[in-house]
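Sequence positions in the sequence shown follow this note's numbering and run 453 to 1003. Just so you know, even glycine gets a beta-carbon here, dropped at the ideal spot from N, CA and C. Only a predicted model underlies this, so the values are computations on that prediction, with no experimental measurement involved.
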Amino acid sequence: MSQHHDELARRLAAIVASSDDAIVSKDLNGIVLSWNDAAERIFGYTAAEMIGTSIRRIIPDNRQSEEDAVLEAIRAGRRIDHFETQRKTRDGHLIPISLTVSPVLDATGKVIGASKIARDISDRKRAEDHASRTAQRDAFLAEVTLTLTRSLDYEQTLRTLAVAATPALADYCAVDVVDEDGDLKRLAVIHVDPAKAQLAQQVRAKFEGRETASSAQTVARTGVSSFIPDITDDMLVTAAQGDDQRVEMLRSLGLVSYMSVPMVAHERSVGVLSLANAESRRRFTRDDLRLAEDVASRAALAIENAQSYRQLHHANRLKDEFLATLSHELRTPLNAVLGYARMLQSGAVPEEKIPQALEVIDRNAAALAQMVEDVLDVSRIVLGKTRLRVQPTDIAGVVQDALATVRPAVDAKGLHLTCAIPEHMSDVPGDPHRLQQVVWNLLSNAAKFTPPGGHIDVRVVDTDAIVQIIVSDTGVGFPKAFKPHLFERFRQAESGTTRLHGGLGLGLSIARHIIEMHGGTIDAESAGEGKGATFTVTLPSTRVSAKSRSA
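Structure follows, in structure tokens:
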């Protein structure tokens, strides 16, 4: 019998020694009586260090009451199964464990101690945490997607996104979008502490125009994320660029981690999403960065879709305005042609007035023909069928011919016209007919939009590399905000059929296309409404091939 017990004891000892779980025995006061190899591996203490000492050594201070409850249950003969808690290793780290504690009885059935099995569940907890984070991430992305697709008002949508991202992603979220001038426009700043949101705006204002390696401006320009998981004071000092006030403002934000990601759609940066942690003291991880980049990518597509819709809506509105304008512009000369033609047919025009009537018919028919030609030109541009017949071209002759064409209109309004052309100019490769069309358009606009008694100045500048044709006037000018739209089709600074000046709003668009086909540029400047305008055509004097090309 004794031999059998010895064999069982040896087997039990072997099982305890080879177990992957910590197997520990203790008395009813919590003093360790045995400590297997797995316990040493998991907790870092050797058997020699633990046997004879209290098990409380590996229990965190905030969990000491658990040992009191365990000992109370054991003394009552109760077993504790799979109790999940945390224990402390020798180096002070906390690890999650699953704890099973059973009473140890003597031969009379009296409880004399406890046997404890502790399983390290770190891997399982990591898997659970990962699954939980993944589920939270998926839920957040689903909410983001719903938010981004709910409305075509992308500015309000992005503000809603910033609210959703705080605190789901970070303590602080800022959204900037790239405006028409290529500058960043801030749409939203959200912070878990509203007072900090206001402070963040003040910091941004203080840093306005100062680009740093991690700034939103750099991220927007490069399309590369900025990721700073741990913000140090040295980083704040560097970012402040030697300004003590900026350093203190940055410190007052209490930032511990920061990332800024570009919103890119089809290789075009449309904005920046900036996130930071402060109050939570949480450091961003690469997983956080990937999530932020995913959100930014979805936001970029939403912005692009909304902008495309706006552009389509805008194009439809311009089309409607153009059709209304076309109807109005065609009706005026057409009525004149029809009216005088019918009067001539009926003999209602006195013989001495017939030449005048024919001149009116001819002038208005020419105006109709020009409008039709402009519409056809736009059609050819859209279809890519515009062609140049490039040859050595006398720019001085082109300008003088255009001046002769508009001279009657200039004289009729009493405008003062000056012209300065170099005496000796080399020919420029170009299509003389198309270039004259451009100059005529600029001069016609100057005559049309300059009030009686105003001035029009034409200058030609000839250098080795370029030739410039500069047309200035003292006319109505245009507001700065309208400049980006000046060369768009169907656009004039005054829209609608009630405009004071006629025209279809096609000339400048056609002019730009023709000049760009020549490898040149056309630009316009104005000090504002009522302050005149200057148009500058720049042509390369040697670069354009003498061979016809199409666009």
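- Query: Mind checking Asp572: buried by the 16 CB within 10 Å criterion, or exposed?
  - Reply: Start at 1 with the first residue of the sequence shown, and residue 572 comes out as number 120. Its Cβ being crowded by 16 or more others within 10 Å, Asp572 is buried.
| Does DSSP put Ala1003 in a helix, a strand or coil? | In the sequence shown, residue 1003 corresponds to position 551, counting from 1. Confidence at Ala1003 is low in this model, with a pLDDT of 39, below 50, so its placement is unreliable and no value can be given for it.
Task: Sub-8 Å separation of Val655 and Met711 beta-carbons - done: Reading the sequence shown from its first residue, position 203 is the one you call residue 655. Reading the sequence shown from its first residue, position 259 is the one you call residue 711. Going by C-beta atoms, Val655 is not nearer than 8 Å to Met711.
inquiry  = In whole angstroms, give me the CA-to-CA distance for Thr674 and Gly706.
reply    = Position 222 of the sequence shown holds residue 674. Position 254 of the sequence shown holds residue 706. Rounded to whole angstroms, Thr674 to Gly706 spans 27 Å at the Cα level.
Next on the checklist: Using a 10 Å radius around the Cβ and a threshold of 16 neighbouring Cβ atoms, would you call Pro904 buried or exposed?
Outcome noted: The sequence position of residue 904 within the sequence shown is 452, counting from 1. Exposed.
Please report the residue range of the alpha helix (DSSP H) in which His582 lies. On the sequence shown, position 130 is the one that residue 582 refers to. Note, His582: alpha helix (DSSP H), 574-601.
Worksheet entry | Cβ neighbours of Met877 in the same chain (closer than 8 Å, five flanking residues each side left out) | Within the sequence shown, residue 877 is the residue found at index 425, counting from 1. Closer than 8 Å at Cβ, skipping near neighbours: Asp846, Ile847, Ala848, Val912, Asp914, Val919.
DSSP-derived helix/strand/coil call for His868
One-based indexing of the sequence shown puts residue 868 at position 416. The DSSP-derived three-state label of His868 is strand.
Subject >> Residues of its chain near Leu485, where Cβ-Cβ distance is below 7 Å and the 5 sequence neighbours each way are ignored >> reply: Translated into the one-based positions of the sequence shown, residue 485 becomes position 33. So the list reads Ser477, Lys478, Asp479, Ile503, Gly565, once near-sequence residues are dropped.
Q. To which residues does DSSP link His643 through a beta bridge?
A. Residue 643 sits at position 191 when you count from the first residue of the sequence shown. The bridge partners DSSP lists for His643 are Tyr624.
- Looking at Ala917 and Lys865, is the spacing between their C-beta atoms short of 8 Å? Here residue 865 refers to the residue found at position 413 when the sequence shown is read from its first residue. Here residue 917 refers to the residue found at position 465 when the sequence shown is read from its first residue. It is not a contact, given that the beta carbons lie outside the stated cut-off.
Fully enclosed by the segment 859-923, which alpha helix (DSSP H) runs are 4 residues long or longer?
884-901
Fill in: Ala1069 vs Ala620 beta-carbon contact at 8 Å
Nothing can be reported for residue 1069: it is not among the residues displayed for the chain, which extend from 453 to 1003.
Local conformation of Thr986 per DSSP, three classes: In the sequence shown, residue 986 corresponds to position 534, counting from 1. Strand, per DSSP.
Item to complete: Whole angstroms is fine: what's the gap from Ala819's alpha carbon to Leu764's?
Response: The count along the sequence shown starts at 1 and reaches residue 819 at position 367. The count along the sequence shown starts at 1 and reaches residue 764 at position 312. Going by the C-alpha atoms only, they are around 31 Å apart.
For Ala864, is the beta carbon positioned less than 7 Å from some heavy atom of the ligand NAD?
-> As far as ligands go, the structure on display features none, and thus does not contain the ligand NAD.
Among Thr870, Leu895, Val830, Gly882, which one has its Cα closest to the Cα of Ser861? Taking the first residue of the sequence shown as position 1, residue 861 is located at position 409. Note that residue 861 corresponds to Ala in the displayed sequence, not to Ser. Considering only alpha carbons, the answer is Leu895.
Beta-carbon contacts of His766 that lie in its chain and below 8 Å, excluding the five residues immediately before and after: Sequence index remark: in the sequence shown, residue 766 carries index 314 (1-based). Once the five neighbours on either side are set aside, His766 has no close Cβ partner at all.
For Arg750, the nearest candidate out of Val850, Gly723, Leu727 (CA to CA): By 1-based counting over the sequence shown, the position of residue 750 is 298. Looking at Val850, Gly723, Leu727, the one whose alpha-carbon comes closest to that of Arg750 is Gly723.
Quiz item: The alpha helix (DSSP H) spanning Glu536 covers which residue range?
Solution: Locating residue 536 in the sequence shown gives position 84, where the first residue counts as 1. No alpha helix (DSSP H) contains Glu536, which is instead part of the beta strand (DSSP E) from 532-540.
Nearest residue (CA-CA) to Thr597, options Gln759, Leu753, His937 | In the sequence shown, the residue the question calls residue 597 occupies position 145. When each option's Cα is compared against that of Thr597, the closest is Leu753.
TODO: Select from Gly906, Thr973, Arg964, Ile967 the residue whose C-alpha is nearest the C-alpha of Gly982.
DONE: Locating residue 982 in the sequence shown gives position 530, where the first residue counts as 1. Looking at the Cα atoms, Gly906 is the closest of the given residues.
| task | Could you say which of Arg493, Ala583, Ser567 lies nearest to Ile547 if we only look at CA atoms? | result | Position 95 of the sequence shown, counted from the start, is the residue given in the question as residue 547. Per the Cα distances, Arg493.
Open item on the list: My output table needs one value for Tyr497: the three-state DSSP class, helix, strand or coil.
Closed with: Here residue 497 corresponds to residue number 45 of the sequence shown, with the count starting at 1. Reduced to three states, the DSSP call for Tyr497 is coil.
* To do: Would you tell me roughly how many angstroms separate the C-alpha atoms of Phe934 and Pro802, rounded to the nearest one?
  => Translated into positions along the sequence shown, residue 934 becomes position 482. Translated into positions along the sequence shown, residue 802 becomes position 350. The alpha-carbon separation between Phe934 and Pro802 amounts to approximately 49 Å.
Going by CA-CA distance only, name the one from Glu595, Ala728, Ile962 that's closest to Val713. Here the question's residue 713 lines up with position 261 in the sequence shown. Minimum Cα distance to Val713 is reached at Ala728.
Out of curiosity, what's the CA-to-CA distance linking Pro785 and Ala776?
As a first step, residue 785 must be located in the sequence shown, where it is residue number 333. As a first step, residue 776 must be located in the sequence shown, where it is residue number 324. C-alpha of Pro785 to C-alpha of Ala776: approximately 15 Å in a straight line.
- Message: Assess contact between the segment 494-501 and the segment 515-530, defined as three or more Cβ pairs (one per stretch) separated by less than 8 Å. Is contact present?
- Response: no
Please state the DSSP three-state secondary structure of Ala751.
Position 299 of the sequence shown, counted from the first residue, corresponds to residue 751. Of the three classes helix, strand and coil, the one that applies to Ala751 here is helix, per DSSP.
Checklist line | Met715 versus Val689, Glu745, Glu580, residue with shortest Cα-Cα distance | finding: Here residue 715 refers to the residue found at position 263 when the sequence shown is read from its first residue. Closest by alpha carbon: Glu745.
Problem - Same chain, Cβ closer than 8 Å to Glu595, five either side skipped, listed in chain order - result: Translated into positions along the sequence shown, residue 595 becomes position 143. Closer than 8 Å at the Cβ level, and outside the excluded window around Glu595, lie Ala616.
DSSP-derived helix/strand/coil call for Pro548: As a working mapping, residue 548 is identified with position 96 in the sequence shown. Note: Pro548 maps to strand in three-state DSSP.
Q: Kindly list the residues whose CB is nearer than 8 Å to the CB of Ser1000, restricted to its own chain and excluding five residues on each side of it in sequence; keep chain order.
A: Locating residue 1000 in the sequence shown gives position 548, counting from the first residue. Legend: pLDDT at Ser1000 = 37, less than 50; position of this residue unreliable, value from coordinates given subsequently. Closer than 8 Å at the Cβ level, and outside the excluded window around Ser1000, lie Arg839, Leu840, Arg841, Val842.
task: Can you give me the start and stop residues for the alpha helix (DSSP H) that Ala963 sits inside?
output: Stepping through the sequence shown from its first residue, residue 963 is reached at position 511. Element bounds for Ala963: 959-969.
Point to revise | CA-to-CA distance, Leu938 to Leu741, given in whole angstroms | key: Sequence index remark: in the sequence shown, residue 741 carries index 289 (1-based). Sequence index remark: in the sequence shown, residue 938 carries index 486 (1-based). Looking at the two C-alpha atoms, the distance is approximately 41 Å.
For Asn897, is the classification buried or exposed, using 16 other Cβ atoms within 10 angstroms of its Cβ as the cut-off for buried?
As a first step, residue 897 must be located in the sequence shown, where it is residue number 445. Buried, because 16 or more other Cβ atoms sit within 10 Å of the Cβ of Asn897.
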